[in-house]
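Have a look at the structure below before the remarks.
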Amino acid sequence: MSQHEKFNFKTLDDVREKSEQLHLDLKFQEDLSPLMQPRKVGSKVAPNSMAVLPMEGCDSTEGGSPTELVERRYTRFASGGSGLLWWEACAVVPEGRANEHAMMLTASNRSQFEALLKRTNAAAANANGSNHRPLNILQLTHSGRYSRPEGHLGRPLVAFHDPILDHGNEIVVTDAYLDSLTERYVQTAILAKEVGFDGVDIKSCHRYLLSELLSAFTREGKYGGSFENRTRFLRQTIRAVREAVGPDFIIASRFNVFDAHPYPYGFGCDKEDMWKFDPAEPEALVKMMVENGVNLLSNSGGNPYYIYPQVTRPFDKSSYGIPTPEEHPLESCARLYQFTRMVQKAAGDVPVVGNGYSWLRQFAPYVGAANIASGGCSFMGLGRSSFAYPDGPRDLITKGYMEPGKCCISCSMCTQLMRDHGETGCVVHDSKLYLPKYKKYNAEAVIREHRV
Ligand SMILES: Cc1cc2nc3c(=O)[nH]c(=O)nc-3n(C[C@H](O)[C@H](O)[C@H](O)COP(=O)(O)O)c2cc1C
34 MSQHEKFNFK TLDDVREKSE QLHLDLKFQE DLSPLMQPRK VGSKVAPNSM
84 AVLPMEGCDS TEGGSPTELV ERRYTRFASG GSGLLWWEAC AVVPEGRANE
134 HAMMLTASNR SQFEALLKRT NAAAANANGS NHRPLNILQL THSGRYSRPE
184 GHLGRPLVAF HDPILDHGNE IVVTDAYLDS LTERYVQTAI LAKEVGFDGV
234 DIKSCHRYLL SELLSAFTRE GKYGGSFENR TRFLRQTIRA VREAVGPDFI
284 IASRFNVFDA HPYPYGFGCD KEDMWKFDPA EPEALVKMMV ENGVNLLSNS
334 GGNPYYIYPQ VTRPFDKSSY GIPTPEEHPL ESCARLYQFT RMVQKAAGDV
384 PVVGNGYSWL RQFAPYVGAA NIASGGCSFM GLGRSSFAYP DGPRDLITKG
434 YMEPGKCCIS CSMCTQLMRD HGETGCVVHD SKLYLPKYKK YNAEAVIREH
484 RV
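Residue numbers (our numbering): 34 to 485.
Okay, structure coming up:
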């Protein structure tokens, strides 16, 4: 591990040089054509190999319905030219919402989602040509340990007690609760299909409930202990959703390959050294998901709520209370690409959306294209970059490059906004809207949390 540094590259050669200095196996290529390739996902086709990663805006109504802010965000994403829009965390039960403005798709607001999808698809065609129809995947979630369905206080529903993460108010969900939860995924997936989504993601990353279940080594009963038991909920839910939605609807999973958390509480980590990746179970998990009918994957890692968020999103500047990582951000990026490569290899023909590209700013496409060309992933996924520079993919298609001045600077202000319980977006490049929010919510959080 090397010293943390802020992004300071002027040319692609500078990035190459740093990669060599750090002995990283990063790949680069200037031919960006792999990003422009249409990509088959299940029985559908994405018009190119760029994806918007799921990014919670915390800006739905209290009932989970889309607001003007939600519409603005997805219209910008859709117009931006990506071939796949991975919609943000959408809770399948009210108690599993990460905040009181988390998205929820229900029988009572389905018409609003249906109308919104029509408008975002129209925006995509309007900006990128009438044949451009991105795939829309909705991320279904239960926030588990990070549930905060109302007000400022958490209402954690956990898979097991974790001495490192517990605060004392955690409730361990029962087997009966999990048994019935599968049906809620099924019902939301059916609604998602009916309103026009192309698929759903059974989210199992970032230590939310399903992600935590993967590491429920210490849990008693049928959802804990053995690999078979820890993957039971995910397996039964994938099967039940497939049964309900038929063969042509995409079932995806965004899952944690590596928790960066010690045994017996972390998934994908060596038993002696939590920073060492152990691919055995993640590989078996990918194969299990593919065998059970998953046709799109995206890997992630880490716990964005804990002290190592660089495992999920490499950054220049950390949010409040987060120590500066003891590694170079390029090492954090390389770790994510290594995970994606492993997942893509295990997944065979099933496409995998890669992540961890935003930190590389205008140089991300050269790494994304090389990763696709060398079989390391099928899509380059952009998270924070999509907040900052939603038109980046369109610029790549029409101009062949991303403008450095428009790129995400990985300042963590979007994360800070979310942590301060505000609606989130890019404070730097969408500042007219989000800078006042940043100031307001930050000032309130400083008082509420007695920050010094
Ligand atoms: C403000 C914010 C909201 C996010 N919301 C989600 C989410 O709803 N679902 C999810 O799987 N990941 C979420 N992420 C993680 C991103 O999808 C992505 O994995 C991460 O930012 C790394 O990609 P990047 O380097 O391109 O930003 C969020 C990240 C941020 C900063």
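Every residue, glycine too, gets a C-beta built ideally from N, C-alpha and C.
Buried or exposed for residue i, please, with buried defined as at least 16 other CB atoms from any protein chain shown within 10 angstroms of its CB.
i	result
Leu186	exposed
His483	exposed
Pro362	buried
Val485	exposed
Ser419	buried
Gly408	exposed
Gly116	buried
Thr44	exposed
Ala403	buried
Lys226	buried
Glu248	Correcting the residue type first, residue 248 is Ser in the shown sequence and not Glu. Buried, since its Cβ has 16 or more Cβ neighbours within 10 Å.
Gln371	buried
Ile283	buried
His37	buried
Ala313	exposed
Lys432	exposed
Lys472	exposed
Ser237	buried
Glu360	buried
His56	exposed
Cys52	According to the sequence shown, residue 52 is Ser rather than Cys. That one is buried.
Ile442	buried
If I follow the unbroken alpha helix (DSSP H) through residue i, where does it start and stop?
i	result
Cys302	Cys302 -> no alpha helix (DSSP H), and no H or E assigned at all.
Lys33	What the structure shows of the chain is the stretch from 34 to 485, and residue 33 is not part of that stretch, so it cannot be assessed.
Arg152	143 to 161
Lys472	464 to 481
Tyr215	It is worth fixing the name first, because residue 215 is Thr in this sequence and not Tyr. 208 to 228 is the extent of the alpha helix (DSSP H) around Thr215.
Thr345	Element bounds for Thr345: n/a, residue is neither H nor E.
Ser419	417 to 421
Lys320	313 to 324
If you measure between the beta carbons of residue i and residue j, is that distance less than 8 Å?
i	j	result
Ile405	Leu68	yes
Gly232	Val323	no
Val85	Leu118	yes
Gly334	Val274	no
Val376	Leu330	yes
Ala122	Ser180	no
Ala332	Ile271	Here the sequence assigns Asn to residue 332, which means Ala is not the residue at that position. In this structure, Ile271 does not lie closer than 8 Å to Asn332 by Cβ.
Glu245	Ala285	no
Thr264	Pro297	no
Thr215	Gln269	yes
Pro426	Arg287	no
Asp303	Asp311	yes
His175	Ala124	yes
Work out the CA separation of residue j and residue i for me, nearest whole Å.
i	j	result
Leu89	Leu190	A quick correction: the sequence has Glu, not Leu, at residue 89. Spanning the two alpha carbons is a distance of roughly 20 Å.
Gly113	Ile430	10 Å
Arg565	Lys77	The requested residue 565 is not part of the displayed model; the chain covers only 34 to 485.
Glu183	Gly129	11 Å
Phe110	Asn169	11 Å
Arg178	Ser464	32 Å
Cys440	Gly389	14 Å
His299	Glu436	A small fix is needed here, since residue 299 is Gly in this sequence, not His. In a straight line, the C-alpha of Gly299 is about 39 Å away from that of Glu436.
Pro358	Ala140	44 Å
Gly97	Val228	15 Å
Thr94	Val205	28 Å
Leu468	His462	9 Å
Ala222	Val278	7 Å
Asn262	Tyr218	19 Å
Ile197	Leu102	36 Å
Val383	Val327	8 Å
Asp195	His294	10 Å
Gly301	Met307	9 Å
Gly401	Val74	18 Å
Pro398	Asn81	13 Å
Asn202	Arg188	8 Å
Arg105	Asn142	18 Å
Leu243	Leu267	7 Å
Arg374	Ala157	30 Å
What residue range is occupied by the uninterrupted beta strand (DSSP E) comprising residue i?
i	result
Arg181	Unbroken run through Arg181: none, as it is neither H nor E.
Gln395	Element bounds for Gln395: n/a, residue is neither H nor E.
Leu429	Premise fails: Leu429 lies in the alpha helix (DSSP H), 425 to 431, not in any beta strand (DSSP E).
Phe291	283 to 291
Lys51	That residue, Lys51, is in no beta strand (DSSP E); its alpha helix (DSSP H) goes 45 to 54.
Thr174	168 to 174
request  = Determine, using beta-carbon pairs with one atom in the stretch 448 to 461 and one in the stretch 472 to 479, whether at least three such pairs fall under 8 Å.
outcome  = These segments touch.
query = Would you call the stretch 411 to 421 and the stretch 141 to 149 in contact, with 3 or more CB pairs under 8 Å?
reply = Three or more beta-carbon pairs separated by less than 8 Å are not found between the stretch 411 to 421 and the stretch 141 to 149, which leaves the two stretches without contact.
request  = Tell me, please, whether the stretch 208 to 222 touches the stretch 160 to 167 by the rule of three or more beta-carbon pairs shorter than 8 Å.
outcome  = The stretch 208 to 222 is not in contact with the stretch 160 to 167.
query = Contact between the stretch 440 to 448 and the stretch 347 to 366: three or more CB pairs below 8 Å?
reply = Segments in contact, yes.
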